[in-house]
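Undergrad: For the sequence shown, the numbering used here begins at 95 and goes up steadily by one. Here it is: the structure, laid out below.
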Amino acid sequence: VIMHEKQLYTFSDDLSFIEAAMAEPVSCCLHGIDLCHIKSGDTVLVIGGGPIGMIMLQLAKNEGATKLILSEPVEEKRELALKLGATKVIDPINEDVQAVLDEYTPNVNVVIECVGNIHTQEDAVKFAGKGATVMFFGLASPEDSFPLKPDDVFKKELHITSSFINPYTYERAIQVLESKTLRLEDLITNIVPLDDIADVFTKPEYRRNGIAYKTLDMLIKDIKSKGISAISLEATEMGRSKLEFGEGGRV
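Shown next, in the form of structure tokens:
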């Protein structure tokens, strides 16, 4: 396959191949965080502590949010969120989320939903404070829907939005990765061979303890030996993986 050089991105030697493989999700998150319009001193609630939620949490902190709240049912992920900058974590299964929010902050300025579930999307609108931005970042099924009360949107003056992929943010993502302002090493808890990639998406132990998974273990030495200077790794929802690497425009 021959690709135009404009479609490839290089990165410095200070960035590992595994870190660089995170450029795609980080670029998507950057676009989403831009649309949240976070201001210094804001309170941000992130719903869902998967890799995207953890990246969003850190980006919100970098934007100046001073109260960073994560709602996540898995204890290990809540503990990780605290290490990454969360100031409050909530167990939505065993705690009353609204009661915790009311006690912790006078207003939730931004809610970022990273689950892609109609119930958590409905919760995002419910937990949003006055004048808040609600970001639907998680992908629900195209057939899904949930009831929305216009009166709630009206009284709280909510701004409900979403973001689509990563327009014009890929190069910025690499710059962010190279700045080391995101802690990504904590999100990579397992390295598995390509033959076992489906297990990452189907086995409960991976979902509970693993946050993000890269399948470069068997390929990294070969990649380096070829002098490849650009790389991108994407794992799809179907359990397949796509590895792109280029040298002089070739992939």
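Even glycine gets a Cβ: it sits at the ideal position worked out from N, Cα and C.
For G135, I'd like the list of residues in its chain whose CB is within less than 6 Å of its CB, leaving aside the five on either flank, ordered along the chain.
TA: Position 41 of the sequence shown, counted from the start, is the residue given in the question as residue 135. So the list reads T160, once near-sequence residues are dropped.
Undergrad: Run through DSSP, which three-state label would V219 get?
TA: On the sequence shown, position 125 is the one that residue 219 refers to. For V219, the secondary structure class from DSSP, reduced to helix, strand or coil, is helix.
Undergrad: Just to check my reading of the structure: L102 and E272 have Cβ atoms closer than 8 Å, yes? What is that Cβ distance to the nearest angstrom?
TA: Counting from 1 along the sequence shown, the entry for residue 102 is found at position 8. Counting from 1 along the sequence shown, the entry for residue 272 is found at position 178. That belief does not hold up - the Cβ atoms of L102 and E272 are roughly 16 Å apart, past 8 Å.
Undergrad: What number of angstroms, rounded off, separates the C-alpha of K257 from the C-alpha of E299?
TA: Here residue 257 corresponds to residue number 163 of the sequence shown, with the count starting at 1. Here residue 299 corresponds to residue number 205 of the sequence shown, with the count starting at 1. This sequence places Ser at residue 257; Lys is not what is there. Linking S257 to E299 through their CA atoms gives a straight-line distance of about 30 Å.
Undergrad: Please state the DSSP three-state secondary structure of S106.
TA: Translated into positions along the sequence shown, residue 106 becomes position 12. In the three-state DSSP reduction, S106 falls in the coil class, being neither helix nor strand.
Undergrad: Out of G210, C130, P200 and G126, which has the shortest C-alpha to C-alpha gap to T227?
TA: Within the sequence shown, residue 227 is the residue found at index 133, counting from 1. Ranking G210, C130, P200 and G126 by Cα distance to T227 puts C130 first.
Undergrad: In or out: L151 buried (at least 16 other Cβ within 10 Å) or exposed?
TA: For the purposes of this step, residue 151 is identified with residue 57 of the sequence shown, where counting begins at 1. Its Cβ being crowded by 16 or more others within 10 Å, L151 is buried.
Undergrad: Are L176 and V183 close, meaning C-beta to C-beta below 8 Å?
TA: On the sequence shown, residue 176 is found 82 positions in, with the first residue counted as 1. On the sequence shown, residue 183 is found 89 positions in, with the first residue counted as 1. Cβ atoms of L176 and V183: closer than 8 Å.
Undergrad: Identify every run of the alpha helix (DSSP H) within the region 134-169, keeping only runs that are complete inside it and at least 4 residues long; order them along the chain.
TA: 145-156
Undergrad: What is the rounded straight-line gap between the Cα of T242 and the Cα of L153?
TA: Here residue 242 refers to the residue found at position 148 when the sequence shown is read from its first residue. Here residue 153 refers to the residue found at position 59 when the sequence shown is read from its first residue. The residue you asked about is not Thr; residue 242 is Leu in the sequence shown. Near 28 Å, if we compare the C-alpha coordinates of L153 and L242.
Undergrad: Check for me: the beta strand (DSSP E) holding I282 runs from which residue to which?
TA: Stepping through the sequence shown from its first residue, residue 282 is reached at position 188. Start and end: I282 to I285.
Undergrad: Quick one: what's got a C-beta closer than 7 Å to S326's C-beta in the same chain, skipping five residues either side?
TA: As a first step, residue 326 must be located in the sequence shown, where it is residue number 232. Here S326 scores only 44 on pLDDT, less than 50, and its place in the model is too uncertain to base an answer on.
Undergrad: Is the beta carbon of M148 less than 8 Å from the beta carbon of L281?
TA: As a first step, residue 148 must be located in the sequence shown, where it is residue number 54. As a first step, residue 281 must be located in the sequence shown, where it is residue number 187. Yes.
Undergrad: Helix, strand or coil for E118 per DSSP?
TA: By 1-based counting over the sequence shown, the position of residue 118 is 24. E118: helix per DSSP, three-state reduction.
Undergrad: According to DSSP, is F111 part of a helix, a strand, or is it coil?
TA: On the sequence shown, position 17 is the one that residue 111 refers to. Helix, per DSSP.
Undergrad: So, with DSSP's three-state summary, where would you put G321?
TA: Position 227 of the sequence shown, counting from 1, holds the residue named residue 321. With a pLDDT of 49 at G321, under the threshold of 50, the modelled position of this residue cannot be trusted; read the value that follows with caution. Here G321 sits in coil by DSSP.
Undergrad: Which residues in the same chain have their Cβ closer than 6 Å to the Cβ of R172, if we skip the five residues on either side of it in sequence?
TA: One-based indexing of the sequence shown puts residue 172 at position 78. Once the five neighbours on either side are set aside, the close Cβ partners of R172 are E166 and V183.
Undergrad: Excluding the 5 residues preceding and the 5 following K250 in the sequence, name in chain order all residues of the same chain whose CB lies nearer than 8 Å to its CB.
TA: Numbered from 1 along the sequence shown, position 156 holds the residue referred to as residue 250. Excluding residues within five positions, the ones whose Cβ falls inside 8 Å are A222, G223, K224, G225 and A226.
Undergrad: Using 8 Å as the threshold, is the C-beta distance between E170 and I127 below it?
TA: Position 76 of the sequence shown, counting from 1, holds the residue named residue 170. Position 33 of the sequence shown, counting from 1, holds the residue named residue 127. No.
Undergrad: Applying the 10 Å Cβ sphere with the 16-neighbour rule, what's the burial state of V397?
TA: What the structure shows of the chain is the stretch from 95 to 345, and residue 397 is not part of that stretch, so it cannot be assessed.
Undergrad: List the endpoints of the continuous alpha helix (DSSP H) containing I268.
TA: In the sequence shown, residue 268 corresponds to position 174, counting from 1. Note, I268: alpha helix (DSSP H), Y264 to S273.
Undergrad: From the DSSP output, read off the bridge partner residues of E207.
TA: Residue numbering aside, residue 207 sits at position 113 when the sequence shown is read from its first letter. DSSP, once it has assigned bridges, lists I141 and F230 as partnering E207.
Undergrad: So, with DSSP's three-state summary, where would you put T214?
TA: Mapped onto the sequence shown, residue 214 falls at position 120. Of the three classes helix, strand and coil, the one that applies to T214 here is helix, per DSSP.
Undergrad: Return the CA-CA distance between N203 and I268, expressed in angstroms with no decimal places.
TA: Position 109 of the sequence shown, counted from the start, is the residue given in the question as residue 203. Position 174 of the sequence shown, counted from the start, is the residue given in the question as residue 268. Roughly 28 Å between the two C-alpha positions.
Undergrad: Assuming T199 is part of the alpha helix (DSSP H), what are its boundary residues?
TA: Sequence index remark: in the sequence shown, residue 199 carries index 105 (1-based). Unbroken run through T199: none, as it is neither H nor E.
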